[in-house]
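For reference, the structure is listed below as structure tokens.
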């Protein structure tokens, strides 16, 4: 918090977008008045909806006059541009802002009622336990599908902006309880958006219905995670059937799978087909409006995890490769290779990475060096010469080499840093 007393040219001659409030203690007019209010009338971050002018000098009428001359035209001024309506006057009185906030909250009330939740159950709750129960019901209601949740968050942010524009004025006080309730629902939905993973969602479902799930330590300093390869998906389906917050569990699960798949695709672009299948499931889920649609989406995601994602997560081990070598191998792999040819292709993938990581990919910002970039490309092209000649004719090698080079550019940024971890030591 900072407070500055200014006069003369300091009123109009400085630029500070974060200024939230200007106090006017004397009459000013015309161009000087317009410049003065502009100190607070600046966009700043996503939080600043408006600036506040506290008028002790009764300049409001003069502001209307000044805006008609120096602005785009006010309520009374206008620019005389034919049938064009006058632009909206940029100054609002606190009473008008309170009316807008009331309207925004009314929209939220109606929206929540459409998904079978009454906000009054939170604002009128008699105890903390009742509020927590209502909060869970609200989060579950607005998690019906991605479209509903997105609409809720847009409406909530509109309420937040208008409330913060009015706060801490006395006009904001009647709306505080309803604002707090809406904010609590919003925070409940978003508190773990960045950190959530599939394991987190499954463990929370486990806690709700007391389902036993084997945990495995990742060994990487990260949180414990559910070993999906040993997970009983039938038990998971049964646990979901008992859940009292199916919408919330389903929404969190689809977000967690989305996050997991994006990571998997970054590591290996061939996995894009998994992400496309996931999007098909989610499109059907978002089109649904009832509990049957939620149940079907969960069943589809459950089958998707069991039949496609989990086997893919273990494929590198089955192939005898690590994740980064598997990615190069998949880019080189062709259908109908013999067993010996597959082993030869794996050897080329391993050798290519070993040679590149030994020196060239340890160069800091190697992509910015024309010389090192060319050396990386040459190394790849030379390695591809050892691919099985019968299945990889010379005329195909240039295109294959470019695909591998683009993969290296996307995942190895230099100085030993890569999508798969650090190898610079």
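Numbering (full-length UniProt numbering), first residue to last: 1 to 425.
C-beta atoms are modelled at their ideal positions from N, C-alpha and C, and glycine is treated no differently.
Just so we're clear, the structure is a prediction, and the values are computed from it rather than from any experiment.
query, result
"Could you pull the DSSP bridge partners for residue 414 from this structure?", "364, 417"
"Candidates 152, 376, 314, 390: which alpha carbon is nearest residue 264's?", "314"
"Hey, quick one: how far does the beta strand (DSSP E) through residue 234 stretch, first residue to last?", "Where residue 234 is concerned, there is no enclosing beta strand (DSSP E), although the alpha helix (DSSP H) it sits in stretches over 233 to 242."
"Kindly indicate the opening and closing residues of the alpha helix (DSSP H) around residue 36.", "30 to 38"
"Can you give me the start and stop residues for the alpha helix (DSSP H) that residue 265 sits inside?", "246 to 267"
"Consult DSSP for residue 55 and reduce its assignment to one of helix, strand or coil.", "strand"
"Looking only at its chain, what residues have a beta carbon closer than 8 Å to the beta carbon of residue 407, apart from the 5 residues adjacent to it on each side?", "269, 327, 328, 331"
"Do three or more CB pairs link the stretch 92 to 100 to the stretch 160 to 176 at distances below 8 Å?", "yes"
"Under the three-state reduction of DSSP, which class applies to residue 328: helix, strand or coil?", "helix"
"Measuring alpha carbon to alpha carbon, tell me which residue in 411, 158, 149 is nearest residue 189.", "149"
"For residue 145 and residue 245, which I take to be in contact (beta-carbon distance under 8 Å), what is that distance rounded to the nearest angstrom?", "Actually they are not in contact, since the Cβ atoms of residue 145 and residue 245 sit about 14 Å apart, beyond 8 Å."
"Please list, in chain order, all residues of the same chain as residue 381 whose beta carbon is under 6 Å from its beta carbon, the five residues on each side excluded.", "401"
"DSSP three-state label for residue 345, please.", "helix"
"For residue 254 versus residue 285, is the C-beta spacing smaller than 8 Å?", "yes"
"Contact criterion: CB-CB distance below 8 Å. Does residue 253 meet it with respect to chain C?", "Absent from the structure: chain C. Only one protein chain is present."
"Look at residue 372 and residue 378 and say whether their C-beta atoms are less than 8 Å apart.", "no"
"Along the alpha helix (DSSP H) that carries residue 176, what are the first and last residues, could you check?", "176 to 190"
"Taking C-alpha atoms, which residue in 340, 300, 99 lies nearest to residue 234?", "300"
"Taking 6 Å as the limit between beta carbons, can you name the residues of its chain near residue 272, skipping five residues before and five after?", "265"
"What residue does the alpha helix (DSSP H) around residue 275 start on, and which one ends it?", "272 to 287"
"Output needed for residue 143: all residues of its chain with C-beta closer than 6 Å, excluding positions within five of it in sequence on either side, in chain order.", "149, 247, 248, 251"
"Runs of 3 residues minimum, wholly inside the stretch 107 to 140: which ones carry the beta strand (DSSP E) assignment?", "none"
"Compute the Euclidean distance between the alpha carbons of residue 26 and residue 179, then round it to the nearest angstrom.", "36 Å"
"Residues in its own chain within less than 7 Å of residue 131 by CB, not counting five upstream and five downstream?", "122, 125"
"Can you tell me where the alpha helix (DSSP H) holding residue 147 begins and where it ends?", "146 to 166"
"Bridge partners of residue 403, per DSSP?", "Looking at the DSSP assignment, residue 403 forms no beta bridge with any residue, so it has no partner."
"Ignore the nearest five residues each way along the sequence and tell me which others in residue 114's own chain have a CB closer than 7 Å to its CB.", "none"
"For residue 309, which of helix, strand or coil comes out of DSSP?", "helix"
"Rounding to the nearest angstrom, what Cα-Cα distance links residue 323 and residue 177 in this structure?", "51 Å"
"Within the same chain, show all residues whose beta-carbon is closer than 6 Å to that of residue 350, passing over the 5 residues directly before and after it, in chain order.", "325"
"Can you list, in chain order, the residues of its chain whose CB lies under 7 Å from that of residue 353, leaving out five sequence neighbours each side?", "324, 325, 328"
"Alpha carbon to alpha carbon, how far is residue 242 from residue 295?", "12 Å"
"Within a Cβ cutoff of 8 Å, which residues of the same chain sit near residue 367, ignoring the five residues on either side of it in sequence?", "373, 409, 413, 414"
"In three-state DSSP terms, what is residue 19?", "coil"
"Can you have a look at residue 392 and say buried or exposed, based on whether 16 or more other CB atoms are within 10 angstroms of its CB?", "buried"
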